[in-house]
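Peer 1:
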Amino acid sequence: MEIKKKSFIETYGCQMNFSDSEIVASILEKLNYEPTTDIKAADLILLNTCSIRDNAEQRVRNRLNELHALKRKHPGLVIGLLGCMAERLKDKLLEEERHIDLIVGPDGYRQLPQLLEQVESGQKAINVLLSADETYADINPVRTGGSGVTAFISIMRGCENFCAYCVVPYTRGKERSRNPQTIVKEAFELFEQGFREITLLGQNVNSYRWEDNGISIDFPALLEEVASVNPLLRVRFATSHPKDISDDLLEVIASHENICKSIHLPIQSGSTHMLEMMKRSYSRDCYMDRIAAIRRIIPGCAVTTDIIAGFCSETEEDHQHTISAMREVGYDYAYMFKYSERPNTIAAKKYPDDVPEEVKSRRLDEIIGLQQELSLKSNKREVGKEFVVLAEGVSKRSDQQLFGRTSQNKVVVFQRDAFKPGDYVKVKIVSCTAATLRGELVL
Ligand code: 5AD
Ligand code: SF4
């Protein structure tokens with residue numbers, strides 16, 4: 050019997066990267082690598098990296114230093130860098146981090162067999178070519194590390210929005226959609242394997258479009274098809290761009306019980322002037338018009354967002370516009386960041402990064418403080434109501450409790466009883482914090 054080699058993949062950054070790591074694991078499996086959770090036992094360590102902010106790259110650099118020590122102890126160990134940082138820095142990384150053997154960008158994973166062969170023959174290997182059509186549509190991802198209840202399905206790759214602050218169009222290349230038949234098939238197979246929730250992933254899912262023989266499938270049509278796989282399969286999606294979240298899409302969400310009532314709609318700033326500089330292609334008013342449409346068409350839908358504090362030349366007044374927009378929408382949850390200049394982006398080329406660090410920090414703190422308040426308020430509104438929760442796992446605090454999510458993506462902890470992950474459980478919310486709801490079983 051052939052002895053299997055052991056691989057360890059560590060993922061940084063977004064859900065897209067987690068999904069890519071599952072594709073990489075599938076490719077490695079065919080090369081006779083089996084995944085290990087013990088990094089010290091690995092023959093191959095791959096870091097799937099993120100470039101979105103400088104601190105994301107710094108975390109990887111620190112990790113590489115630790116791996117350097119490991120490699121000195123195990124000279125045969127192969128270390129590779131995948132993903133956005135590999136794409137952004139290319140062969141420069143091989144010069145700067147001499148213990149790296151392998152560099153592969155987001156569109157190069159299919160070449161891993163040849164690249165690993167090259168490494169085995171004693172050379173360094175690199176593939177950072179971006180592709181106009183790679184979607185890995187035929188590769189069946191290995192579902193690593195998940196709960197067996199929820200899974201990601203990547204439906205498109207790349208981004209061509211070129212928001213001024215963002216590195217993604219440079220690291221992930223042209224936008225391209227995946228064949229819908231392969232998406233529906235993957236959803237169907239996941240359901241058969243016991244999964245009960247899938248999240249359709251893309252940098253901008255609303256621009257999904259597939260043309261075949263004169264027939265065109267857009268995102269609302271795809272979502273409807275996936276939701277029809279089984280009423281017991283919950284469907285989520287991320288991320289939507291405010292410029293093209295249509296009433297059509299909202300109506301599809303409203304008309305299917307199993308499409309989750311939660312929309313992630315990054316605002317980035319509440320100041321129309323900042324939004325113009327960011328090249329977001331919507332004004333504050335246009336964004337608020339979309340929020341009004343969500344409230345009208347899908348009552349009770351949760352809305353979450355991304356916010357950047359301290360973008361180039363942001364004034365106190367701009368910042369106050371962000372604060373007032375947060376209050377106006379009443380976000381259920383937000384991901385909040387300090388602006389981090391990324392080399393070669395439009396902002397890096399055109400605008401000075403001129404908001405002082407302490408001002409950025411103070412504004413971010415104010416934004417985080419307000420969101421705490423809004424999240425608590427949003428959770429308090431749920432107390433006394435009943436929800437169907439999809440159980441995902443055993444609570445960290447007590448093995449007598451399970452946790453799961455409502456359709457609105459809120460985490461609920463409740464009594465385990467005879468329930469298990471994958472079950473739908475009806476609960477009544479009895480109390481909450483800003484982060485979690487506590488529910489009692491409704492029998
Ligand atoms: N600095 C800070 N935050 C950023 N984001 C993207 N680029 C940057 C940057 N240069 C944030 C945006 C985006 C989320 C994924 O990361 O809010 O929606
Ligand atoms: Fe994901 Fe963007 Fe980070 Fe790339 S840079 S891993 S696309 S968050």
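The working numbering applies: residue 50 is where the sequence shown begins, and numbers increase by one.
All C-beta atoms, glycine included, are put in the ideal place defined by N, C-alpha and C.
1. Is ILE202 near ligand 1, with its Cβ less than 8 angstroms from a heavy atom?
2. How long is the line joining the alpha carbons of PHE436 and TYR400, rounded to whole angstroms?
3. Distance, Cα to Cα, HIS290 vs VAL254?
4. Do you know offhand how far ALA484's Cα is from GLN457's?
5. If I'm right that MET323 touches GLU273 with Cβ under 8 angstroms, what's the distance once you round it to whole angstroms?
6. Mind checking who ILE264 pairs with in its DSSP beta bridge?
7. In terms of alpha-carbon separation, which member of ALA135, GLY129, ARG192, ASP182 lies closest to SER68?
8. With DSSP run on the structure shown, which of helix, strand or coil describes PRO470?
9. Out of LYS398, LEU80, THR199, point me to the one whose CA is closest to CYS212's CA.
10. Measuring alpha carbon to alpha carbon, tell me which residue in LYS409, GLY379, ILE72 is nearest LEU419.
11. Measuring from the CB of GLN252, is there a heavy atom of ligand 2 at a distance below 8 angstroms?
12. At what residues does the alpha helix (DSSP H) containing PRO229 begin and finish?
13. Between THR288 and ASP355, what straight-line distance do the alpha-carbon atoms span, to the nearest angstrom?
14. With a Cβ-Cβ cutoff of 9 angstroms, do SER410 and LYS387 count as a contact?
15. Alpha carbon to alpha carbon, how far is VAL371 from ALA383?
16. Going by CA-CA distance only, name the one from VAL275, ILE316, ASN279 that's closest to VAL301.
17. Do you know whose CA, among ARG376, LYS310, THR85, lies nearest GLY349's CA?
18. Spatial neighbours of GLY24 within its chain, please: C-beta separation below 6 angstroms, excluding the five flanking residues on both sides.
19. Taking only the alpha-carbon atoms, compute the straight-line gap between ARG339 and SER295 and give it to the nearest angstrom.
Peer 2: To lay it out plainly:
1. Every heavy atom of ligand 1 is 8 angstroms or more from the Cβ of ILE202, so no.
2. Rounded to whole angstroms, PHE436 to TYR400 spans 47 angstroms at the Cα level.
3. Each residue's Cα considered, the two are about 8 angstroms apart.
4. The alpha-carbon atoms of ALA484 and GLN457 are separated by roughly 13 angstroms.
5. Incorrect: roughly 35 angstroms between the Cβ atoms, too far for contact.
6. ASP261, per the DSSP bridge assignment.
7. When each option's Cα is compared against that of SER68, the closest is ARG192.
8. Coil at PRO470, not helix or strand.
9. CYS212 has its Cα closest to that of LYS398, out of LYS398, LEU80, THR199.
10. For the residues LYS409, GLY379, ILE72, the minimum Cα distance to LEU419 belongs to GLY379.
11. Within the cutoff, so yes.
12. Note, PRO229: alpha helix (DSSP H), 229 to 241.
13. Separation of THR288 and ASP355 (C-alpha to C-alpha, rounded to the nearest whole angstrom) is 10 angstroms.
14. It is a contact, given that the beta carbons lie within the stated cut-off.
15. For the record, residue 371 in the displayed sequence is Thr; it is not Val. Computed Cα separation, rounded: 12 angstroms.
16. Per the Cα distances, VAL275.
17. Here the closest residue by C-alpha is LYS310.
18. Since the first and last residues shown for the chain are 50 and 492, residue 24 lies out of range.
19. A direct Cα-to-Cα measurement between ARG339 and SER295 gives close to 8 angstroms.
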